[in-house]
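Chemist: Quick one: this structure, given as structure tokens, is what I'll be asking you about.
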Amino acid sequence: MTSKLPLEAVASILARACRARGSCAEYLYLTVKHLEAWGIRDLNLWKLQKLVAGELRAIHKLEGMASQARVPSRSG
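Counting in the numbering used here, the sequence shown runs from 42 upward without gaps.
Printed below as a string of structure tokens:
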């Protein structure tokens, strides 16, 4: 018996995964955009895309905070 991962867990994995031709997040985004261009709106894929985008924003916010913490102050 296999169990499904919650969409939030899948989004977290996709936001961090990449392969030789690019990131999985980009592949997902391009897939939903091309499907929509053909008149196909897959609500499940768009929900996953929204979750992945949120994960990416959170990742980049944390990276920005970490890099600011390493920058020495110029005052004094």
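Where a beta carbon is used, it is the ideal one built from N, C-alpha and C, also for glycine.
For clarity, every value in this text was computed on a predicted model and none was experimentally measured.
ALA78 lies in the alpha helix (DSSP H); which residues open and close that run?
Modeler: As a first step, residue 78 is located in the sequence shown; it is residue number 37 there, counting from the start. Here the alpha helix (DSSP H) through ALA78 covers 65-78.
Chemist: Consult DSSP for ARG98 and reduce its assignment to one of helix, strand or coil.
Modeler: The count along the sequence shown starts at 1 and reaches residue 98 at position 57. Helix, per DSSP.
Chemist: Check for me: the alpha helix (DSSP H) holding ARG62 runs from which residue to which?
Modeler: One-based indexing of the sequence shown puts residue 62 at position 21. That residue, ARG62, is in no alpha helix (DSSP H); it is neither H nor E in DSSP.
Chemist: Assuming LEU89 contacts LEU71 under a Cβ cut-off of 8 angstroms, what Cβ separation, rounded to an integer in Å, is found between them?
Modeler: In the sequence shown, residue 89 corresponds to position 48, counting from 1. In the sequence shown, residue 71 corresponds to position 30, counting from 1. In fact, because the Cβ distance is near 13 angstroms, the residues do not count as touching under 8 angstroms.
Chemist: From the DSSP output, in three-state form, read off ILE81 for me.
Modeler: By one-based count along the sequence shown, residue 81 stands at place 40. In this structure, ILE81 counts as coil in the three-state DSSP scheme.
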